[in-house]
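**Q**
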Amino acid sequence: MIKEASSDASLRKGLADPYYLCSEQHGFTEKQRDVKMAVYDDDFQAWVGPFIMAAINTKIVHRSNELNGKAFGENFKYDEVMITGKTFSSRLAASGIGIGLGVFPLLVALPPTRFLIEKLVPQPGEGPSPYQQEHGHYDLRFKGKTDGGEKLSVKVTGDRDPGYGSTAKMLAQAGLCLAQDISKSDKAGGFWTPATAMGMPLIKRLIDNAGLKFSVE
C-alpha cells in the first residue's frame, strides 16, 4: 500500500482522511488527532508514539460509527498510539518510532532503497517462529470520555503473538460467527465492519475460543 501511495496522489489523500471509508454523505467534520512524533498523553500519563496500524484501524472505527447511525456521536474522536513509558528514554523511544515511520514511506518510494527494504523485510509466508507465535501476547488499553465528562477505561489482552498466533484464531472465529451466528435477514450484503456485522456474538467467541479477554476498568 505504501508503495502504491508513493505514486498515487488520490490514494495518499485518502490515507490522510480519517473518514475515507465512510460514505460521501457521512457529514463528519471533527478534526482527529494524528500522532506522528513523541507526544505526552495526559490520559495515560505517559509518552506515546505513532502506531503503524492506526491509519487503517481508525478509518474502520469511523465507518462503524456511521453504520451504527452515528451512535458514538457526530463529534466522536478516535486515535491509536503506542505507549512507550513515562521516562526520558521513553520519550526517545517514541521519537524513534515517529522518525522511523516517517522516513519509511520515503525510502519505499525510491527504487534503490525500496529494493534493499524488500530484501530485508519478511517475505509473503514468512513471519514469527512457532515459538514466538505461541509465547507472544499483547495488551491494549482504551480511554473514553463523554461530552458530559464521564470516563471509561477498557483493557483487551490476547494470549498469542498478534501478527499470526492470535490473528489466525480471530479469523477462524469471525468465519464461524458469520456462518453460524449472523442471520442473512438481519445483515444484508454490503460494506460492513466487524463491529457492525458481528458485534457482541464475535466478542463472545473471541473470549470463549480465541484467548482474548475484555474488561472494563
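Residue numbers (this note's numbering): 1279 to 1495. Just so you know, even glycine gets a beta-carbon here, dropped at the ideal spot from N, CA and C.
Alpha carbon to alpha carbon, how far is ILE1460 from ILE1375? Give it in angstroms, no decimals.
**A** 40 angstroms
**Q** I'd like the span of the beta strand (DSSP E) that includes VAL1564, first residue to last.
**A** With the chain represented from 1279 up to 1495, any question about residue 1564 goes unanswered, as that position is not in the structure.
**Q** Buried or exposed: ASP1425, going by 16 or more other Cβ atoms within 10 Å of its Cβ?
**A** In summary, ASP1425 is exposed, with fewer than 16 beta-carbon neighbours lying within 10 Å of its beta-carbon over all protein chains present.
**Q** Throw me the rounded Cβ distance for the GLY1436 and GLY1489 pair, which I believe falls under 8 angstroms.
**A** 6 angstroms
**Q** Using the rule of at least 16 other Cβ atoms within 10 Å of the residue's Cβ for burial, across every protein chain shown, is LEU1299 buried or exposed?
**A** buried
**Q** In the DSSP assignment, find the unbroken alpha helix (DSSP H) run with LEU1431 in it and report its ends.
**A** With the sequence shown as reference, residue 1431 is identified as Ser, and Leu is not the correct amino acid for it. For SER1431, no alpha helix (DSSP H) run applies; the uninterrupted beta strand (DSSP E) run containing it begins and ends at 1429–1436, by DSSP.
**Q** What do you reckon, are the CB atoms on PRO1383 and LYS1337 nearer than 8 angstroms?
**A** no
**Q** When you compare each of GLY1380, GLN1303, GLN1310 and ALA1324 to ILE1330 by their alpha carbons, which one comes out closest?
**A** GLY1380
**Q** Let me know if THR1362 comes out buried or exposed under the rule of 16 or more other beta-carbons within 10 Å of its beta-carbon.
**A** Burial check for THR1362: the Cβ neighbour count within 10 Å reaches 16 or more, so the residue is buried.
**Q** Just verifying my parser: in three-state terms, what is the DSSP assignment at ALA1324?
**A** strand
**Q** Judging by CA-CA distance, which residue of PRO1479, LEU1385, GLU1396 and HIS1340 is the nearest neighbour of ASN1353?
**A** HIS1340
**Q** Suppose contacts are defined by Cβ-Cβ distances below 8 angstroms. Is ARG1438 in contact with GLN1411 by that definition?
**A** Yes.
**Q** Can we say the stretch 1401–1420 touches the stretch 1470–1487, given the rule of at least three CB pairs closer than 8 angstroms?
**A** No: fewer than three Cβ pairs fall under 8 angstroms.
**Q** Compute the Euclidean distance between the alpha carbons of LYS1397 and TRP1325, then round it to the nearest angstrom.
**A** 33 angstroms
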